[in-house]
Every structure is written in C-alpha cells, then in structure tokens.
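J.:
There are 2 protein chains.
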Amino acid sequence: MPNNFPPDSVGVVSPQTARFVEPLALDCGRSLAEYEIVYETYGALNAAASNAVLICHALSGDHHVAGYHRDGDLSKPGWWDNCIGPGKPIDTAEFFVVCCNNLGGCKGSTGPTAINPDTRKPYGPDFPIVTVKDWVRSQARLADHLGIRRWAAIIGGSLGGMQAMQWAITFPDRVRHSLVIAAAPRLSAQNIAFNEVARQAILSDPDFHHGHYYEFGVVPRRGLMIARMLGHITYLSDEGMRAKFGRELREGTPNFHFNFDTEFQVESYLRHQGRAFVDRFDANTYLLITKTLDYFDPAADFDQDLAAALHRAQAGFLVVSFTSDWRFAPARSREIVRDLVRAGREVSYVEVPSEYGHDAFLMPIPLYHDALRSYLVRVAREVNGHAA
Amino acid sequence: MPNNFPPDSVGVVSPQTARFVEPLALDCGRSLAEYEIVYETYGALNAAASNAVLICHALSGDHHVAGYHRDGDLSKPGWWDNCIGPGKPIDTAEFFVVCCNNLGGCKGSTGPTAINPDTRKPYGPDFPIVTVKDWVRSQARLADHLGIRRWAAIIGGSLGGMQAMQWAITFPDRVRHSLVIAAAPRLSAQNIAFNEVARQAILSDPDFHHGHYYEFGVVPRRGLMIARMLGHITYLSDEGMRAKFGRELREGTPNFHFNFDTEFQVESYLRHQGRAFVDRFDANTYLLITKTLDYFDPAADFDQDLAAALHRAQAGFLVVSFTSDWRFAPARSREIVRDLVRAGREVSYVEVPSEYGHDAFLMPIPLYHDALRSYLVRVAREVNGHAA
Chain A
22 MPNNFPPDSV GVVSPQTARF VEPLALDCGR SLAEYEIVYE TYGALNAAAS
72 NAVLICHALS GDHHVAGYHR DGDLSKPGWW DNCIGPGKPI DTAEFFVVCC
122 NNLGGCKGST GPTAINPDTR KPYGPDFPIV TVKDWVRSQA RLADHLGIRR
172 WAAIIGGSLG GMQAMQWAIT FPDRVRHSLV IAAAPRLSAQ NIAFNEVARQ
222 AILSDPDFHH GHYYEFGVVP RRGLMIARML GHITYLSDEG MRAKFGRELR
272 EGTPNFHFNF DTEFQVESYL RHQGRAFVDR FDANTYLLIT KTLDYFDPAA
322 DFDQDLAAAL HRAQAGFLVV SFTSDWRFAP ARSREIVRDL VRAGREVSYV
372 EVPSEYGHDA FLMPIPLYHD ALRSYLVRVA REVNGHAA
Chain B
22 MPNNFPPDSV GVVSPQTARF VEPLALDCGR SLAEYEIVYE TYGALNAAAS
72 NAVLICHALS GDHHVAGYHR DGDLSKPGWW DNCIGPGKPI DTAEFFVVCC
122 NNLGGCKGST GPTAINPDTR KPYGPDFPIV TVKDWVRSQA RLADHLGIRR
172 WAAIIGGSLG GMQAMQWAIT FPDRVRHSLV IAAAPRLSAQ NIAFNEVARQ
222 AILSDPDFHH GHYYEFGVVP RRGLMIARML GHITYLSDEG MRAKFGRELR
272 EGTPNFHFNF DTEFQVESYL RHQGRAFVDR FDANTYLLIT KTLDYFDPAA
322 DFDQDLAAAL HRAQAGFLVV SFTSDWRFAP ARSREIVRDL VRAGREVSYV
372 EVPSEYGHDA FLMPIPLYHD ALRSYLVRVA REVNGHAA
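What follows is the structure, encoded as structure tokens:
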C-alpha cells in the first residue's frame, strides 16, 4: 500500500494503553481503584527526557491529535493535525508529543462506557464526575509511566487550555511552558447556562434511562443531538455563520416550505453535525465533561484570587485568544494575562483576528500558527540545546 | 373590593374579541376562512380617530399589555405595564392604545389550539405558518373593525418591532410613526440556528406526536422547556447574567454535588423559567412563531434592498437598540437606520446603555423611557392638536 502522506505528517500512528492499578483519589471524594489511559505519541523523547510536550483535548476531543490510523487513508487525520508534525508549529522533529484521552472519556480511557469491575457492567452514570485537577493528576501518572519528569510544554485549546493552566498550578516544577489557548479562568454564568440546557436535553430524553441506556440497547440520540447542535452555535461566531451560511436556503429549496423541514443551510449544517456526533460520542461522557467545565475554577482554592494561584506556577506562559470567540472571549484570556502579570509570571499574549469564533483554535490561521511556532522554537532551543 | 391600583395604571381591563368572516389569504398560499382576534384597548379614541397606537407583541407576548384583569389583584400586570398608562411614556391620556394577540397565538386569537371548523378538532400542526406580513394584514382588518384608518404610531420590541417596520412598508398611508425597538432587518444565521435548536427540542419530544399532542392528553413539556431555557439565554447578556447570578450556588448548596442536580443559581433560574413557560404557552404556537421570525425579510420583495422597501414608507421612525443585546444587536438596528436614511425617511436613533441584553426592551430604563416619551409627546401634539 502506498505511503501517500504529506511530508509534514507524522504518518500512521497507533494508540497505546497504560494501565494504572494504584487508586486515584478524586475531587468528588471517591476514588478509582484502577483505570486505563489511551494515548498517542509522535516524535522521539530525547536522552534527557526534556523535550516532551503534552497536548490536552477539549470537550469532544481525544488522544488522536495528529497523523492517521491507517496507511493510505487520509480521511481521518488527528483533530489538530494541521499544527503537529515535522516542521509544523508543534514540531515533531524537535518534540516528543503526547496526547491522551482523558479519564471519563469515551475513546478508550476509562469512563462511563468502560466496565465497572465491581458490577461487571458499564459504569454509565456511576462513573464519578472528574475535575480538571483529577485529569491533571492522572496525566502526571501517565508522565511518570513515560519517564517524563518535566514537560517542555503543555498545550491546549478551550478546556485543554484550562488543563494547561491547572498543570502549572498543581505541579509547578513539572511544566516549563504552559500554552493556554481560547480558554477562560472559569466559566461564566452564560457558559454554565448553555451547558445546563445541553444537559437537560440529554437528561430528559426518554432513551436516557437515568444513564443506564446501554442496558436498554438504545442511546439518547435526540438529546445528544440537540446538545451538540447548541454547542456548535457557541463554537462559531455570528459573523462567521453569516459569511458561511447567511440566509441561504439549502440546495433543492427554491422557496419556503411553510413547515418545519430543513430549509436554511445553517439548519442543515447543524442537523448534520448533531447526527454525526451521536454516532461517535457517548452521552454520559458529554454530561460529565460539561460538569468538568462548570467546576473548573483554579482560583477557588486561593480565596478566589487567580493571581495567588498562578503565583505558584514556575512556567512561562503563552496565552492566545481569537477576536470573534464569544464562548471564551478575548476578555476572558486578558483576565488570565492580567493575573499572570500580577503573579509575576512571564507571559506572552496574542489576540488573533478571526471570524471563526471559538473553533478558530483548531484552524491553521497564519498569525496563530506563527505565534505558536515562534514560541515553541524558543522552547525547543531551551530543551534541545540548539537553534531549531 | 378596594381599587388599589397606582394612579398611573390603566386599571382593570377586559379582553375583547373580534370575529372576521372574510377569508384571509396568507403568504403560504393557504387562506383562513374565518378567524378571531383577541385584543385589549386603553384610553379613548378621539373624534378624528387619529390618536390610536398599536402595540405589537413578540414571541411569547399577547394582547394583555397593560393593566390588570382583576380588581385588587396586582400580581399579573400586562407585559409592558411599566410603559403604558396615564402619564407613562405611552400615555393613555393622549392615546387610544390597542394590542392584539396575533394569529397563530395561543392566548385567544385563532391559532393551533383553536378548533378547526373543517375537522371540529384543534388545528394543531395544521394551522398555517403565518408571516409578519400576514399579521400586518390581519391587524389592518382589526383597525378597520375599530374605525382606525391611520395609526398615530405602531410600536413594538423584538418581533414586535418587525411588525412595526412591516406595517410602514405594507400600508404606508396607515402609519404616521413606526417605533422599531430591539429589532433587526431580518434574522441572521445565528438567530435562525438558535430557533432551529429550539424547534428540534420540541419536534423530537416523544410527547409531541407530530403536533397532535392535544388528542393524546399530553404536551411536549421537555422540548418546550428546553426551547424556553435556550431562548432565555439569548434574552439576557453575558454581563447581565454575571451580575445577576455569577457562579453563585443556589441556596442550600454549600458544595458541589458531583451529580446533575441543580447547583448553580443560573441553572435554577433557567429551569424555573422553562417550567413556568410550559404551563402558559403552546408548543405548536412556539414552533410557528419561530418560523415567522426566520421568514421575516422585508427586503426580499425588493431585490434584497431594504432601503427600496423603506422608500415606500411615509412614517417617521424611532429606532431603539440596547448595548448588551446580542440577539438583535445595535449593529442590526443601525442597518435599519442606515437604510431609512438611504430611503430618505425621517429617523431618530437611540442606543441605550444597558446590561439587560435583549430583555432591556421590557425594562423601565430611564433613557429608554425618556426617548419614547419625548418622541410620543410630539406625536400626541400632531394628532391631538395641543401640547401634551
């Protein structure tokens, strides 16, 4: 079979699984006796084990962040393939890149769809709601497993950026650089409100069965679809939707139907996104991660003073926001920057003009990728001891 | 029973019903053979019948716009009572104020919950989707019924503002002044997207029964509740929600539950709003009116040139927007103003600083009410021939 990957691709990659048998105490008060973490790696760890970069995923992401799972099949690249590979901003010729599916996920790491050893049935709604701090602690164990004492950088967008920030606070001596992209210091009431509507859509779906739907051979399709459609609106911007869809009617629709069929292109797009998501994601995981988002609040342990929390950090920071992002708007990133400055941390901040809304953090926007690249070239020099 | 209404209240009011037996041709191509319109009036029509003001309601409004339905019961004032009454901005000492429940509504005018004379059962989903133009034509018949040839002013917020604008285009010689508040020249892709998610929530509720739920003795509570919760988010602003709820937990919740119960105040507020709405509104009407919104596009009949549409108008215009309104943002009102200017119409524009979001149009914000008052004092002088 021909290897037809572009030269800047990491090529074919295979997920690996790490099993942990030491119990993990969770913020909710419960603990996981044992669990598995699925992850991928690209590039090579250097002799000093100093060039490792951790990528943290957001709500619907997973460990497959770059490359392809099958030779000759370019249809399903990792979710941030445009940014990771030899010569790309996150340069696998310089860095050993690691990305794992988070605990509570549904792509192979232990979560609601996994078998609960106590009951021999899927955890379902009995899987504990994990926090960003729980994730960071579980990722630290993965780092130990991989022989990585200190990350050259931890990078994430959205909820991933929250993990990058929490890492620098929880394990100050294990993070050289934290790249916090399209994130917020905590969710606003509006953010929580959108999550709550999404949750209600799932919880009230008759096929949800209090989360035990696996046993009924169904999934709460309608609820999860509505949750995802709603999510999508918050990932795009008003101006981006105007440019992409406007008020155009879908193909084959010359006039209004005067019924509730799909008429406008934007409706058709959302329904398609909703339907596709239901086939690849678990509703219990979706519920769980919306709570992980709601609960994230690193300042809460420091009398609501984020600067005091960040004062613990030793990392250098790059904070990136996008002008049309209204889910986690630039003002939210500037709050982080302000408190990093107050905490005396080194911080660079880039506000990238874009009409892609929150989704911009996944897009190959030149200024954005240039910012990542130039920051990471300096990190590579620091850890690899030569100019990149 | 004591009459304890404030002196600037219109007091106890009673809805009236007008029956129309001449068929009304609708934009969808169908027609209504007969229909009823429920309305209220306050103040007195002058001898010249020149002092009538029409108030147009928005998505969930109705004809009960001011005063009280029962003596001694101040609990349920009309939805815009703070603005209408003797001495209030819409001064019933000067104007004969009329407000009707629109066709397709669920508060007494003919709509999905009414009996279809052809089947002797409720119309349900067979009630035609009506447009803003259909509403304007039906309101014109109500004007004829009331002996009002020309309105002194037509006033509305949100979807109500769209009716005020359409009136000035459809019946140029029947509108002296059009007050277009917190409106937009047409819905954006994002606006339509939110409506579509709300519709999907209702349509996919198993209790919806393709709209024939009346016959099954159920209502699609869950879907309508989710639709309303989502709507509410778009009515408030991010900053307003932050000020009102922040990340506060609800009373009796000292810590996170780590489950999906209501924890944050904003969740509790939204669920309450959703539940209360289900008890007072019909799901078929909600679906219908979201389509009325989506379809509104007065420029469509004029080669997408709103200025050409507004060129027909003879009315003077007051356009009002609110800074934190992101459902129909000030930029959308400025589009209307720009095209009114291009059309050579007389227009005043006020952008009111507010953190109440879209809901601001219902609030007694001093600058807002002052703007309405001073505009309408001039209108009163015009039609009543003396200084107000």
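Residue numbers (the working numbering), protein chains in the order written: chain A, 22 to 409; chain B, 22 to 409. Glycine residues also receive a C-beta, built at the ideal position from the N, C-alpha and C atoms.
Using a Cβ cut-off of 8 angstroms, which residues of the segment 206-223 of chain A contact any Cβ in chain B, in chain order?
T.: From the segment 206-223 of chain A, only R207, L208, S209, A210, Q211, I213, A214, F215, E217, V218, R220, Q221, A222 have a Cβ closer than 8 angstroms to chain B.
J.: Suppose contacts are defined by Cβ-Cβ distances below 8 angstroms. Is B:P149 in contact with A:F279 by that definition?
T.: The count along the second sequence starts at 1 and reaches residue 149 of chain B at position 128. The count along the first sequence starts at 1 and reaches residue 279 of chain A at position 258. Cβ distance < 8 angstroms, so B:P149 and A:F279 count as in contact.
J.: So which residues of chain B does A:Y316 contact, with C-beta pairs closer than 7 angstroms?
T.: Translated into positions along the first sequence, residue 316 of chain A becomes position 295. Within 7 angstroms Cβ-Cβ: F277.
J.: Got a sec? Which residues, its chain only, sit under 8 angstroms from B:V373 by beta carbon, not counting five neighbours each side?
T.: Residue mapping note: residue 373 of chain B aligns to position 352 of the second sequence, counting from 1. Hits under 8 angstroms: V341, S342, F343, T344, A381, I386, L388, Y389, A392.
J.: By a C-beta neighbour count over all protein chains shown, 10 Å radius and 16 as the cutoff for buried, is B:E236 buried or exposed?
T.: Translated into positions along the second sequence, residue 236 of chain B becomes position 215. Exposed, since its Cβ has fewer than 16 Cβ neighbours within 10 Å.
J.: Sort out for me which residues DSSP pairs A:K142 with in a bridge.
T.: For this step, residue 142 of chain A is matched to residue 121 along the first sequence. Its beta-bridge partners are A:N137.
J.: Should A:E288 be flagged as near chain B, meaning a C-beta pair shorter than 8 angstroms?
T.: For this step, residue 288 of chain A is matched to residue 267 along the first sequence. For A:E288, the answer is yes, since a Cβ of chain B falls inside 8 angstroms of its Cβ.
J.: Check the DSSP bridge columns for B:T62 and list the partner residues they point to.
T.: For the purposes of this step, residue 62 of chain B is taken as residue 41 along the second sequence, with counting starting at 1. Answer is B:V119, bridged to B:T62.
J.: Return the CA-CA distance between B:N276 and A:Y316, expressed in angstroms with no decimal places.
T.: Residue 276 of chain B sits at position 255 when you count from the first residue of the second sequence. Residue 316 of chain A sits at position 295 when you count from the first residue of the first sequence. Using only the alpha carbons, I get a separation of about 11 angstroms.
J.: Could you name the residues of the same chain whose beta carbon sits closer than 7 angstroms to that of A:R366, not counting the 5 residues immediately before and after it, in chain order?
T.: By one-based count along the first sequence, residue 366 of chain A stands at place 345. For A:R366, where only same-chain residues beyond five positions count, the Cβ hits under 7 angstroms are L331, A334, F338.
J.: How big is the Cα-Cα spacing for B:Y307 and B:L80?
T.: Against the second sequence, residue 307 of chain B aligns to sequence position 286. Against the second sequence, residue 80 of chain B aligns to sequence position 59. Their backbone Cα atoms lie some 7 angstroms apart in a straight line.
J.: Could I get the ranges of all uninterrupted beta strand (DSSP E) runs contained in the segment 62-102 of chain B, with 3 residues as the minimum, in chain order?
T.: You should have 73-77.
J.: Taking 8 angstroms as the CB-CB limit, is A:F285 close to chain B?
T.: Along the first sequence, one-based indexing puts residue 285 of chain A at 264. Yes, contact with chain B.
J.: Go through the segment 341-380 of chain A residue by residue and report every complete run of the beta strand (DSSP E) that reaches 3 residues or more, in order.
T.: The segment 341-380 of chain A contains these whole beta strand (DSSP E) runs: 368-373.
J.: Do B:A164 and B:L200 have their C-beta atoms within less than 8 angstroms of each other?
T.: Mapped onto the second sequence, residue 164 of chain B falls at position 143. Mapped onto the second sequence, residue 200 of chain B falls at position 179. It is not a contact, given that the beta carbons lie outside the stated cut-off.
J.: Spatial neighbours of A:D194 within its chain, please: C-beta separation below 8 angstroms, excluding the five flanking residues on both sides.
T.: Start at 1 with the first residue of the first sequence, and residue 194 of chain A comes out as number 173. So the qualifying residues of the chain are R171, Q335.
J.: I want to see whether chain B comes within less than 8 angstroms of A:V31, judged by CB atoms only; does it?
T.: Locating residue 31 of chain A in the first sequence gives position 10, where the first residue counts as 1. So, not an interface residue.
J.: Closer than 7 angstroms, Cβ to any Cβ of chain B: which residues of the segment 256-274 of chain A, in chain order?
T.: From the segment 256-274 of chain A, only D259, M262, R263, F266, G267, R268 have a Cβ closer than 7 angstroms to chain B.
J.: For the segment 139-164 of chain B, enumerate the residues whose C-beta is nearer than 8 angstroms to any C-beta of chain A, in chain order.
T.: Flagged, chain order: P149, I150.
J.: Under DSSP, the beta strand (DSSP E) around B:I202 begins and ends at which residues?
T.: Residue mapping note: residue 202 of chain B aligns to position 181 of the second sequence, counting from 1. Per DSSP, B:I202 belongs to the beta strand (DSSP E) from 198-202.
J.: Can you round the beta-carbon distance between B:Y56 and B:L66 to whole angstroms, since I take them to be within the 8 angstroms contact cut?
T.: On the second sequence, residue 56 of chain B is found 35 positions in, with the first residue counted as 1. On the second sequence, residue 66 of chain B is found 45 positions in, with the first residue counted as 1. Not confirmed; about 23 angstroms, so no contact.
J.: What runs of the alpha helix (DSSP H), each 4 residues or longer, lie entirely inside the segment 209-295 of chain B?
T.: The segment 209-295 of chain B contains these whole alpha helix (DSSP H) runs: 210-224, 242-256, 259-265.
J.: Are there 16 or more other CB atoms within 10 angstroms of the CB of B:P206, so buried, or fewer, so exposed?
T.: As a first step, residue 206 of chain B must be located in the second sequence, where it is residue number 185. So B:P206 counts as buried.
J.: Is the segment 151-169 of chain B close to the segment 100-109 of chain B, with three or more CB pairs under 8 angstroms?
T.: Cβ pair count under 8 angstroms is below three, so no.
J.: Within the continuous beta strand (DSSP E) that includes B:I176, where are the two ends?
T.: Start at 1 with the first residue of the second sequence, and residue 176 of chain B comes out as number 155. Counting along the chain, the beta strand (DSSP E) containing B:I176 begins and ends at 174-178.
J.: Just tell me which of B:V59, B:G244, B:Y370 has its CA closest to the CA of B:G82.
T.: As a position in the second sequence, residue 82 of chain B is number 61, starting the count at 1. Taking only the C-alpha atoms, the option nearest B:G82 is B:V59.
J.: Exposed or buried, B:E217, counting other C-beta atoms within 10 Å across all chains shown (16 or more means buried)?
T.: One-based indexing of the second sequence puts residue 217 of chain B at position 196. Buried, since its Cβ has 16 or more Cβ neighbours within 10 Å.
J.: Quick check on the DSSP output: the alpha helix (DSSP H) that includes A:T313 runs from which residue to which?
T.: Residue numbering aside, residue 313 of chain A sits at position 292 when the first sequence is read from its first letter. From DSSP, the alpha helix (DSSP H) with A:T313 extends over 304-316.
J.: Flag B:M183 as yes if its beta-carbon sits less than 8 angstroms from any beta-carbon of chain A, otherwise no.
T.: By one-based count along the second sequence, residue 183 of chain B stands at place 162. No, its Cβ sits nowhere closer than 8 angstroms to a Cβ of chain A.
J.: Suppose contacts are defined by Cβ-Cβ distances below 8 angstroms. Is B:L221 in contact with A:M250 by that definition?
T.: Translated into positions along the second sequence, residue 221 of chain B becomes position 200. Translated into positions along the first sequence, residue 250 of chain A becomes position 229. A quick correction: the sequence has Gln, not Leu, at residue 221 of chain B. Contact: yes.
J.: Would A:E61 pass as a contact of A:V33 if the rule is Cβ separation under 8 angstroms?
T.: Mapped onto the first sequence, residue 61 of chain A falls at position 40. Mapped onto the first sequence, residue 33 of chain A falls at position 12. No, they are not a contact pair.
J.: Keeping to the same chain, check which residues put their C-beta closer than 6 angstroms to that of B:V74; ignore five residues upstream and five downstream.
T.: Numbered from its first residue, the second sequence carries residue 74 of chain B at position 53. Closer than 6 angstroms at the Cβ level, and outside the excluded window around B:V74, lie F116, V118, A173, A174.
J.: DSSP has B:V45 in a bridge; who is on the other side?
T.: Here residue 45 of chain B refers to the residue found at position 24 when the second sequence is read from its first residue. Here residue 45 of chain B is Leu; the residue named in the question, Val, does not match the sequence. Bridge partners of B:L45: B:L53.
J.: Taking the C-alpha atoms as reference points, what is the distance between A:H198 and A:A204?
T.: Within the first sequence, numbered from 1, the residue matching residue 198 of chain A stands at position 177. Within the first sequence, numbered from 1, the residue matching residue 204 of chain A stands at position 183. Each residue's Cα considered, the two are about 16 angstroms apart.
J.: Quick check: what's the CA-CA separation for B:H78 versus B:A401?
T.: Position 57 of the second sequence, counted from the first residue, corresponds to residue 78 of chain B. Position 380 of the second sequence, counted from the first residue, corresponds to residue 401 of chain B. Approximately 22 angstroms between the Cα atoms of the pair.
J.: Please say whether A:P107 and A:D29 have beta carbons closer to each other than 8 angstroms?
T.: If you number the first sequence from 1, residue 29 of chain A lands on position 8. If you number the first sequence from 1, residue 107 of chain A lands on position 86. Yes, the Cβ-Cβ distance between A:D29 and A:P107 is below 8 angstroms.
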